[in-house]
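Those sequence lines, one after another, are chains A and B. Using this note's numbering, you'd call the opening residue of the first sequence number 1 and step up by one each time. Using this note's numbering, you'd call the opening residue of the second sequence number 1 and step up by one each time. C-beta: ideal position from N, C-alpha, C; glycine also.
Number of protein chains: 2
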Amino acid sequence: MFVIITYDVGEKRVGKVCKKLKGYLDWTQNSVFEGEITKGSLDKCLFELDQIVNPNEDSIYLYRVDNPRNIKKHIYGQEKNHSNFFL
Amino acid sequence: MFVIITYDVGEKRVGKVCKKLKGYLDWTQNSVFEGEITKGSLDKCLFELDQIVNPNEDSIYLYRVDNPRNIKKHIYGQEKNHSNFFL
Chain A
1 MFVIITYDVG EKRVGKVCKK LKGYLDWTQN SVFEGEITKG SLDKCLFELD
51 QIVNPNEDSI YLYRVDNPRN IKKHIYGQEK NHSNFFL
Chain B
1 MFVIITYDVG EKRVGKVCKK LKGYLDWTQN SVFEGEITKG SLDKCLFELD
51 QIVNPNEDSI YLYRVDNPRN IKKHIYGQEK NHSNFFL
């Protein structure tokens with residue numbers, strides 16, 4: 001499946017969330033990760049995120065497309081792939 | 001179709017981009033808009049964004065799913081729908 005994860009989390013946790021997601025997906029834009037992932041890895045990733053975030057303050061959105069052919073991506077301007085940035 | 005638009009634009013332009021997108025989609029998270037839209041409205045929206053952004057600095061990602069049934073959204077923590085925030 002193809003997923004997009006966007007997040008809006010407290011400053012104290014944003015680094016940890018970002019670092020965790022970097023282990024599973026591509027960091028393509030400020031607080032936006034995307035990529036293909038298996039259900040097992042996604043479940044593991046979400047479980048680990050759950051140990052980091054504060055559900056009363058933070059917000060994580062997961063958009064899931066089971067067949068990657070059903071989603072198209074268009075980039076306008078710069079492709080800001082952060083994945084090669086060291087965090 | 002269902003679209004997700006994420007953006008990473010210069011401070012001078014972010015307010016204008018956000019205000020423009022609010023006319024077309026739901027502002028669901030910091031620099032994330034989503035919603036159903038017709039091709040005509042999407043083309044108009046993109047044309048108007050093109051008049052605002054600086055392609056050498058800014059980055060707009062458009063994820064497009066033609067059949068809205070092919071994408072599922074899961075929210076973890078808070079649903080931060082900014083659409084009712086006055087900008």
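* To do: For R64 of chain B, return the contacting residues in chain E, with the cut-off set at a CB-CB distance below 8 Å.
  => The question asks about chain E, but that chain is absent: this structure's protein chains are A and B.
* If you drop the 5 nearest sequence neighbours on each side, which residues of the same chain put their C-beta closer than 6 Å to that of C45 of chain A? -> Y24
* Status (buried if at least 16 other CB within 10 Å, exposed otherwise) for F85 of chain A -> Because the pLDDT of F85 of chain A is 47, which lies under 50, any placement of that residue in the model is unreliable, and the question is left without a value.
* Asked: Along the stretch 33-45 of chain A, what residues have a CB closer than 7 Å to any CB found in chain B?
  -> none
* CB contact below 8 Å: Q51 of chain B versus chain A -> no
* Asked: What is the DSSP secondary structure of V17 of chain A, counted as helix, strand or coil?
  -> helix
* To do: Would you check if the distance between the CB atom of D58 of chain A and the CB atom of R13 of chain A is smaller than 8 Å?
  => yes
* If you measure from the beta carbon of K107 of chain B to each beta carbon in chain A, is any gap under 8 Å? -> The displayed coordinates of chain B run from 1 to 87. Any statement about residue 107 of chain B would go beyond what the structure contains.
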